[in-house]
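Sequential numbering from 30 applies to the sequence shown in my numbering.
Using N, Cα and C, we set each Cβ at its ideal position, and we do this for glycine too.
In this text the structure is predicted, and so the values were computed from the model without any measurement.
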Amino acid sequence: MQFTPPFEQGVLLRRYKRFLTDIRLNDGSEVTIHCPNTGSMKNCLFPGEKVWFSTSDNPKRKYSRTWEQAESDAGHIIGINTGRANQLAEDAIRAGVITELSGYSSLRREVKYGSENSRIDILLSDPVCSTDTDSPDSPPANTESTNTTAKPKCYVEVKSCTLLEQGQGYFPDAVTTRGQKHLRELMEMVESGHRGVLLFVVQHTGIDSVQAAAHIDPEYASLLAKAHSAGVEVMAYSAEMSPNGASLLKSCPVKL
Numbered sequence: 030m031q032f033t034p035p036f037e038q039g040v041l042l043r044r045y046k047r048f049l050t051d052i053r054l055n056d057g058s059e060v061t062i063h064c065p066n067t068g069s070m071k072n073c074l075f076p077g078e079k080v081w082f083s084t085s086d087n088p089k090r091k092y093s094r095t096w097e098q099a100e101s102d103a104g105h106i107i108g109i110n111t112g113r114a115n116q117l118a119e120d121a122i123r124a125g126v127i128t129e130l131s132g133y134s135s136l137r138r139e140v141k142y143g144s145e146n147s148r149i150d151i152l153l154s155d156p157v158c159s160t161d162t163d164s165p166d167s168p169p170a171n172t173e174s175t176n177t178t179a180k181p182k183c184y185v186e187v188k189s190c191t192l193l194e195q196g197q198g199y200f201p202d203a204v205t206t207r208g209q210k211h212l213r214e215l216m217e218m219v220e221s222g223h224r225g226v227l228l229f230v231v232q233h234t235g236i237d238s239v240q241a242a243a244h245i246d247p248e249y250a251s252l253l254a255k256a257h258s259a260g261v262e263v264m265a266y267s268a269e270m271s272p273n274g275a276s277l278l279k280s281c282p283v284k285l
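What follows is the structure in C-alpha cells.
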C-alpha cells in the first residue's frame, strides 16, 4: 500500500472527544485533525512525539486532515487508522504473503453473514463452490493453482492490534461487545462447514506476539479460547509502516 502523496508530519498535542486530535505543524501552527480510531488507544498516545497525517481534497469534510501514524517514546511506529487494516490484509492475501489464505480465486469485502447481522471483512471463495448472489465477485485474489474441487468458503475477520504492554501485544484495548459478536459468528461459520479466520493485523512495530487482553475484556478472552477450540483459525501478521506506505510482511505468534 503506497501513500500518494506521502503523509505529512506534525507533533501530537492531545486527543479528545474520541474523534478529534490537536497537533502542531512544522510551521508552528496548531490544527485539529480527525482521529479514525474508536478504541481507547491505550499506550498509543504520546504528546510531544511525532505524528503523520493524510489530507483529503473533499470540500465537504469539516476536518480535511486524518491522523494516520504515531511514534511512541521508544521510537516505535503505530498505525492509528484502523480502517487501513482491512486493506493491508487484502493486499497481503492477493500478494500471497498470508500463505494460510492463498489458493482462492475470489475475494469480496463486507459481505453479510451470520445470525447477528454482521458483515464479514473478507470472504474468500472459488466460483465452483460459490452460491452467493448478493453482490458480484471482485477481481481474483492470488491463486497458487487451479482448483478442480470445491473448497469451503473462508470468512476472515480482521482486527487491528496496537496495544503494547510490557513487551506483549494485546487485543482488545477496551471492552468490545462487537468483537465478541464476531467470534460467535465465526464459530457459526465453522459449524456450518466453512473456514472461520480471525486475523490480527499488527500495526505497531514494537509488537512481536499477540495475546487476548483478559485483563481488559475477560469475556472476549474466554470467547477467543472457545472459538479456537471450536476450529476458528487465529493468526497475526505484522505491518511495516512509514509515511510513504505500509504492508504486511510476516506472521507473528498468537498466544492462546
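- Counted as a single uninterrupted DSSP element, the beta strand (DSSP E) harbouring M264 occupies residues 262-271.
- Considering only K284, P282, L285, L278, the residue with the shortest C-alpha distance to L117 is L278.
- Contact annotation: the segment 96-109 touches the segment 50-65, with at least three C-beta pairs closer than 8 angstroms.
- Inclusion of P181 and R224 in the CB contact set at 8 angstroms is warranted, their separation being smaller than that value.
- Counting of Cβ neighbours within 10 angstroms places T191 among the buried residues, the total reaching 16 or more.
- When secondary structure is reduced to three states using DSSP, E186 falls in the strand class.
- For N55 and K46, the gap between their C-alpha atoms comes out near 24 angstroms.
- Rounded to the nearest angstrom, the gap between the Cα atoms of R138 and E186 is 10 angstroms.
- Put simply, the backbone Cα of Y266 is about 34 angstroms away from that of K91.
- About 5 angstroms separates the CB atoms of P272 and W81; that is less than 8 angstroms, so the two are in contact.
- DSSP places V204 in the coil class of the three-state scheme, outside both helix and strand.
- When rounded, the separation of the alpha-carbon atoms in E59 and H105 is 24 angstroms.
- With contacts defined by Cβ atoms closer than 8 angstroms, A243 and A250 form a contacting pair.
- Burial is judged here by how many other beta carbons sit within 10 angstroms of a residue's own beta carbon; K255 has fewer than 16 and is exposed.
- In the pairwise beta carbon analysis, the segment 227-246 is classified as touching the segment 191-206: at least three pairs are separated by under 8 angstroms.
- According to DSSP, residue pairing for Q197 in a beta bridge involves E194.
- The alpha carbon of V231 has as its nearest neighbour, out of D202, L252, M218, the alpha carbon of D202.
- When rounded, the separation of the alpha-carbon atoms in K210 and S144 is 10 angstroms.
- In the three-state reduction of the DSSP assignment, D120 falls in the helix class, which pools H, G and I.
- Between V204 and V261 the beta-carbon gap is near 20 angstroms, outside 8 angstroms, which marks them as no contact.
- Between S131 and S154, the CB-CB gap reaches or exceeds 8 angstroms.
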